[in-house]
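K.L.:
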Amino acid sequence: MRAIWQRWWPALLLMGIIFTVSSFSSFPGPQEPLLDRLFKKGAHFVGYGLLALSYLRGLRQSGLRHARPLAFIMVLLYAISDEWHQTFVPGRDGNVIDVGIDSAGAALALGWQQWWSQRSHAATALLRQERGR
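Going from the sequence shown to the working numbering is simple: count from 1 and add 100.
1. Alpha helix (DSSP H) containing P190: first to last residue?
2. Is it a yes or a no for the stretch 190 to 206 touching the stretch 129 to 136, going by three-plus beta-carbon pairs under 8 angstroms?
3. Can you check whether the CB of I118 is closer than 7 angstroms to the CB of D182?
4. For A152 and R107, I'd like the C-alpha separation in whole angstroms.
5. Going by alpha carbons, who is nearest to T120 out of A204, G147 and L208?
6. Relative to the C-alpha of G205, which residue among V175, G158 and P130 is closest?
7. Alpha carbon to alpha carbon, what distance is there between Y178 and M115?
8. Have a look at A143, S122 and M101 and flag the residue whose alpha-carbon is nearest the alpha-carbon of W184.
9. Return helix, strand or coil for S220, following the three-state DSSP convention.
10. With C-beta atoms as the reference, is P130 less than 7 angstroms away from F124?
11. Tell me, to the nearest whole angstrom, how far the beta carbon of H144 is from that of I201; I am working on the premise that it is less than 8 angstroms.
12. If you count every other CB in all the chains shown that lies within 10 Å of the CB of S220, and 16 or more means buried, which is it?
Have a look at this one:
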């Protein structure tokens, strides 16, 4: 049980934060309406990008194959459930555009992670090759 907790605590923490923030009727932000909108949509983008990476971590440490697409699907499902949850919060409503922003944040984070991982592996292989000479 401890190993499961160690794999998944970042995802559970982020899910709890997202759920809590989504439970508020309003959330303070910049006074300027455009900045407020950018701030909130940016928070969606970044938050769900981090959630995707935390899902990827848990899935990989669990030894599951195809962890990246599974992480994306998990983010998509959580984003949909979060928007549905917001329909029950006074002053809030579910928004399909937010699901798109959440998915874009997840896709970018997972793509960046893949690029970084491939780059790191290539650099490591090059160093090993140089040491062998």
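All C-beta atoms, glycine included, are put in the ideal place defined by N, C-alpha and C.
P.N.:
In brief:
1. Looking at the DSSP string, P190 is not in any alpha helix (DSSP H), and its letter there is neither H nor E.
2. no
3. yes
4. 14 angstroms
5. G147
6. V175
7. 8 angstroms
8. S122
9. helix
10. no
11. 5 angstroms
12. exposed
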